[in-house]
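Presented below is the structure to which this report refers.
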Amino acid sequence: MGHESSVPLFWRLIKPRYQLIGTKCTSCGNVFYPPKFLCPVCRKEGKLEEIKLRKTGKILTFSIIRSAPAGFEKETPYPVAIIELDDGPKLTSQIVDYKEEDLKIGRRVEACFRRIYTDGKEGIINYGLKFRPA
Amino acid sequence: MGHESSVPLFWRLIKPRYQLIGTKCTSCGNVFYPPKFLCPVCRKEGKLEEIKLRKTGKILTFSIIRSAPAGFEKETPYPVAIIELDDGPKLTSQIVDYKEEDLKIGRRVEACFRRIYTDGKEGIINYGLKFRPA
Amino acid sequence: MKVAVIGIGVTKFGEHWDKNLRELAIEAGAKAIMDANIRGSDIDAIYLGNMSAGRFVGQEHVAALVSGELGLSIPAVRVEGACASGGIALREGIFSILSGQNDIVLVGGAEKMTDLMTDGVTTALMGAADQEWEAYYGLTFPSLYAMIARRHMFEFGTTREQMAKVAVKNHHNGSLNPIAQFNKEITVEEVLNSTMVADPLTLLDCSPITDGAAALILCKAELAKKYTDDPVYIIGSGQASDTLALHDRRSLTTLDATVKAAREAYKQAGITVKDIDVAEVHDCFTIAEIVATEDLGFCKKGEGGKLIDEGATELNGRIPINTSGGLKAVGHPVGATGIKQAVEIVLQLRGQAEKRQVKDANIGLTHNVGGSGATAVVHIFSR
Amino acid sequence: MKVAVIGIGVTKFGEHWDKNLRELAIEAGAKAIMDANIRGSDIDAIYLGNMSAGRFVGQEHVAALVSGELGLSIPAVRVEGACASGGIALREGIFSILSGQNDIVLVGGAEKMTDLMTDGVTTALMGAADQEWEAYYGLTFPSLYAMIARRHMFEFGTTREQMAKVAVKNHHNGSLNPIAQFNKEITVEEVLNSTMVADPLTLLDCSPITDGAAALILCKAELAKKYTDDPVYIIGSGQASDTLALHDRRSLTTLDATVKAAREAYKQAGITVKDIDVAEVHDCFTIAEIVATEDLGFCKKGEGGKLIDEGATELNGRIPINTSGGLKAVGHPVGATGIKQAVEIVLQLRGQAEKRQVKDANIGLTHNVGGSGATAVVHIFSR
Ligand SMILES: [Zn+2]
Ligand SMILES: [Zn+2]
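Rendered as structure tokens:
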């Protein structure tokens, strides 16, 4: 990611990033991941509560990165995808443990806990969820 | 300075930074340092030519930095000053080779070539002019 | 809405090893002032589009920098909306005139990108995307647009050849444009066989890393004839936003922000898409031009590939698109691009586009996108 | 000129280890929307002042980010002029209403600074100064203002005690302000004896590193009564620029940009400085408040030290200055400061400033500076 990152910048988001915890608006019923601070549909009339999402979903689209940003150079090539979770929300992540034929739109995947990258400056190892064929 | 600097960013300015080369507008006679790309007085009617400035001037104001930016930590404390050159232009630089009593408004100073700082990322050593009591 | 453009200026786009940000910005600004035949002191305010000088060259506060270097003490405002910074700066300049506060405004865009190494630029550009939920996972801009491309291929059958043809067309146009970074024609095969950057996009599907600046002199419409016999008027302006992260959008193959911004601009101008004679659209990647031609209404959704196949968007086609060479061939100094698009349309409407000149160009459009579509700005120009 | 403020919102200022930029911005925005008693969908555009999210948290394109998080697809514009980013955002919001394009606008300022280490912040802040001719030589912002202070002492006999009294006054006011980063009174001795940062300025002469956000809802003046019985009007707005580098200026003890911006604002408002009942001025360092009181006309040039000695700028003085606690005690999240100043003036004019309330406050002023004075913005507010 290349930003000279501090520790709080990362642990602040550990819960949603490690555990697939999103938010659900009890007014409109919409589920959000990444979690929201305000329901973008109901705004002041909305009320958000945390919700643990199921780890399964499917690939909506993908790419394979061959020219990486700082911090990810050694990972290339690596596939990234937009995944629609079975609980509704869409998110962006990497695909791992795949065979070539797994990289296709509609492929079912599930979340797994992995190292994302090591921050060059302070040596912080950043973890999070990647997705593998399910 | 802390910016992840590239080589061109520095050699582009070597001439004015190493040699006190400014610009003079042949229309209005004003002398500029740091050099200008356009005469800010005459604009399109102005014509700039390079001019080598005399190395002498006097301190208009100064401070002593005790809390430094990245790259200058080891230099603290170091005095900085705004200097009015005898040729007219004013500039900002560091004061070196001084005794405490030299740090005063009106003190005459002269330019000397010195190391400014080492760029952490690529190890580029940046040089330029500092000023010492004259 | 009606505001006049009475002056244009632009630097060569490319790798300016010998020039810094302020020199590029001043060069473009001074050219625009000369072109408008005004004095610097006639200018009431400066609006400068710049995406990321803080990260590219360590310098914020760039509008005041430019104002100071021009010897002016007028209000100077830097405007940022990623790669749409230039288009937004233009809008803000227009608003400041319509508000009655200013008569003559210098609107510029500038970016100095080549002072960073390529991976640093890749990282800095991801500042336009969602840092916490996209960049964190190793995404790059080519990969975001590659995912749009993949989905567009899936939904509409768009092909790699069609994307390549966008690059071929824009390089052809760029070969006729003296300011373009790339002046060489390329072939479909060359695009398809160039280095893969983010499947399915290759290096020649991507706009390059570029230094450059562009500027316009805007003037209250009623005053324009005082300065020029040949003013170009801006008659519509639309801007819209969407979620910063691509994954949060309603659609992966339509930029809703473009659709909304265009609708507003057409309405203000009192025209429909059929009235547009020439357009500069945001082709940061070849797929982006295909999606833009659909979202702006030049063809139906999903038929952008067909449009390029038909040659409709070539210089002598039904609706010439990116006559300048686009971001693809002219280069993409991110904050400058929106203003450079306006410069090209003004040249076309003035009849000064030389070998790129489109016949009977009376109404032109610019379309400038920030990030993967979180910002879109559309302007309509008329003779 | 007349535009109404119908809503205000502000986060606590301080070190928000647990909150990121978007959460802070949304909190302030949502509070302002609630205060104005409008719906989010009533908002026509967003203007967000932010100096350096690109360097502080790696994120550009922050206005679109906020718009997206609020579930809106309206034009979203980030405005930057270093520490004056908030003040400029306010001006642009005003212009967009006066232009006739918008009726209701959300204007915000936000900065997340504590995600970087202190030396990183020091370096990033120097992006507001001249990178090539000031920062290159190891300058810091405290040292730039220290050089202004030293010269002011030399020319006018201003003393360290007078500077310290500014800090003491502003900490007193801050102790009455629930959002302030510092809630503790301090003494002149404590200021003089605190750690030297850049001679002659000590740590307690300097504003701190702060996270925070603030927001206003602006509304076309004619529509204001529809939403509130108690609108506050903005009746004057001035902005001016000067050279980015301090050494290039005409004077080292006057910010010409402040003088010029104030003159324009007073003229638009049809008032003189004597009509001002309360003011928030840019006290990034104690000397900055002294210089500002002179440049805005609250006293003659060189008599700013005397003004603080006389107690004229205290809560119950002739012209209360920085009733909020200023940048000094409330904290200085750089892009948010200009909007926080407006929030305080609105509270004062509404009579809602509680223990900080100034008697008979009918006309207020905000003064927001970028860098060492390359940008200054002045606004006049009236009941
Ligand atoms: Zn809801
Ligand atoms: Zn001259």
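Residue numbers (our numbering), protein chains in the order written: chain A, 14 to 147; chain B, 14 to 147; chain C, 165 to 547; chain D, 165 to 547. The C-beta atom is built at its ideal place from N, Cα and C for all residues, glycine as well.
Between the CA atoms of residue j and residue i - distance to the nearest angstrom
i: ALA425(D); j: GLY218(D); result: 28 Å
i: ILE137(B); j: TYR130(B); result: 9 Å
i: PHE144(B); j: LEU367(C); result: 49 Å
i: ASN347(C); j: VAL494(C); result: 8 Å
i: TRP297(D); j: TYR140(B); result: 13 Å
i: GLY490(C); j: ILE435(D); result: 51 Å
i: ILE350(C); j: PRO82(B); result: 48 Å
i: ARG520(C); j: LEU340(C); result: 6 Å
i: GLY232(C); j: SER405(D); result: 7 Å
i: GLY537(D); j: ILE72(A); result: 52 Å
i: GLY119(B); j: PHE318(D); result: 11 Å
i: ALA456(D); j: GLU114(B); result: 31 Å
i: ILE450(C); j: GLY213(D); result: As written in the sequence, residue 450(C) is Thr, which differs from the Ile given in the question. Going by the C-alpha atoms only, they are around 33 Å apart.
i: ALA378(C); j: ASN337(C); result: 19 Å
i: ILE312(C); j: LEU416(C); result: 6 Å
i: GLU63(A); j: VAL243(D); result: 34 Å
i: LYS37(B); j: VAL93(B); result: 26 Å
i: ILE65(B); j: VAL109(B); result: The sequence given here has Lys at residue 65(B), not Ile. Cα-Cα distance, rounded: 22 Å.
i: TYR300(D); j: ARG25(B); result: 14 Å
Exposure of residue i, with buried meaning 16 or more beta-carbon neighbours within 10 Å
i: TYR91(B); result: buried
i: THR175(C); result: buried
i: ASN532(D); result: buried
i: GLY193(C); result: buried
i: SER371(D); result: buried
i: HIS16(A); result: Confidence at HIS16(A) is low in this model, with a pLDDT of 46, below 50, so the placement of that residue should be treated as unreliable; the coordinate-derived value is given next. Flag for HIS16(A) reads buried.
i: PRO484(D); result: buried
i: ASN486(C); result: buried
i: ASP99(A); result: exposed
i: ILE503(C); result: buried
i: ARG203(D); result: exposed
i: LYS390(D); result: exposed
i: LYS492(D); result: buried
i: GLU474(D); result: exposed
Residue i CB to nearest heavy atom of ligand 4 below 6 Å
i: GLY59(A); result: Looking at this structure, you won't find ligand 4 anywhere; what it does contain is ligand 1 and ligand 2.
Closest residue to residue i among the options (Cα-Cα distance)
i: ALA200(D); options: VAL169(D), SER371(D) and PHE177(D); result: VAL169(D)
i: VAL510(C); options: ALA525(C), LYS390(C), GLY499(C) and LEU280(C); result: ALA525(C)
i: LYS68(B); options: SER40(B), ARG79(B) and LYS103(B); result: LYS103(B)
i: LEU303(C); options: THR278(C), GLN223(C), GLY338(C) and LEU410(C); result: LEU410(C)
i: GLU386(C); options: SER307(C), ILE261(C) and VAL241(C); result: ILE261(C)
i: MET277(D); options: GLY475(D), VAL221(D) and THR487(D); result: VAL221(D)
i: GLN512(C); options: ILE440(C), GLY535(C), GLN223(C) and GLY466(C); result: ILE440(C)
i: VAL285(C); options: TYR309(C), MET165(C), LYS492(C) and SER216(C); result: SER216(C)
i: LEU188(C); options: VAL507(C), ALA500(C) and GLN505(C); result: ALA500(C)
i: VAL167(D); options: ARG242(D), LEU280(D), LEU380(D) and VAL241(D); result: LEU380(D)
i: ILE190(D); options: GLU179(D), GLY173(D), ARG203(D) and SER205(D); result: GLY173(D)
i: VAL584(C); options: TYR111(A), ARG79(A) and LEU142(A); result: Because residue 584(C) is not part of the residues shown, which for chain C are 165 to 547, the question remains open.
i: LEU122(A); options: ASP132(A), SER106(A) and PHE45(A); result: The sequence as given places Val at residue 122(A); Leu does not occur at that position. Ranking the options by Cα distance to VAL122(A), first place goes to SER106(A).
i: ASP279(C); options: ASP375(C), GLY245(C), CYS247(C) and ILE197(C); result: ASP375(C)
i: LEU254(D); options: GLU467(D), ILE454(D) and ALA506(D); result: ALA506(D)
i: SER237(D); options: VAL332(C), ALA246(C), GLN345(C) and LEU419(C); result: LEU419(C)
Residue(s) in a DSSP beta bridge with residue i
i: MET360(D); result: THR366(D)
i: TYR140(B); result: ARG128(B)
i: LEU479(C); result: DSSP output for LEU479(C) lists no bridge partner at all.
i: SER546(D); result: TYR397(D) and ILE527(D)
i: PHE75(A); result: ALA94(A)
i: VAL167(D); result: LYS384(D) and ILE398(D)
i: GLN403(D); result: VAL541(D)
- Query: Along the chain, which unbroken stretches of the alpha helix (DSSP H) at least 4 residues long are found entirely within the segment 227-263 of chain D?
  - Reply: With a minimum length of 4 residues, the continuous alpha helix (DSSP H) runs that stay inside the segment 227-263 of chain D are 249-262.
- Task: Run through the segment 20-63 of chain A for me and flag every whole alpha helix (DSSP H) of 4 or more residues, listed as ranges in chain order.
- Result: Taking 4 residues as the shortest admissible run, the segment 20-63 of chain A contains the following complete alpha helix (DSSP H) segments, listed from N- to C-terminal end: 20-24 and 27-32.
- Item | Continuous beta strand (DSSP E) assignments of at least 3 residues falling wholly in the segment 77-116 of chain B | Within the segment 77-116 of chain B, the runs of beta strand (DSSP E) that reach at least 3 residues and sit entirely inside it are, in chain order, 91-98 and 103-107.
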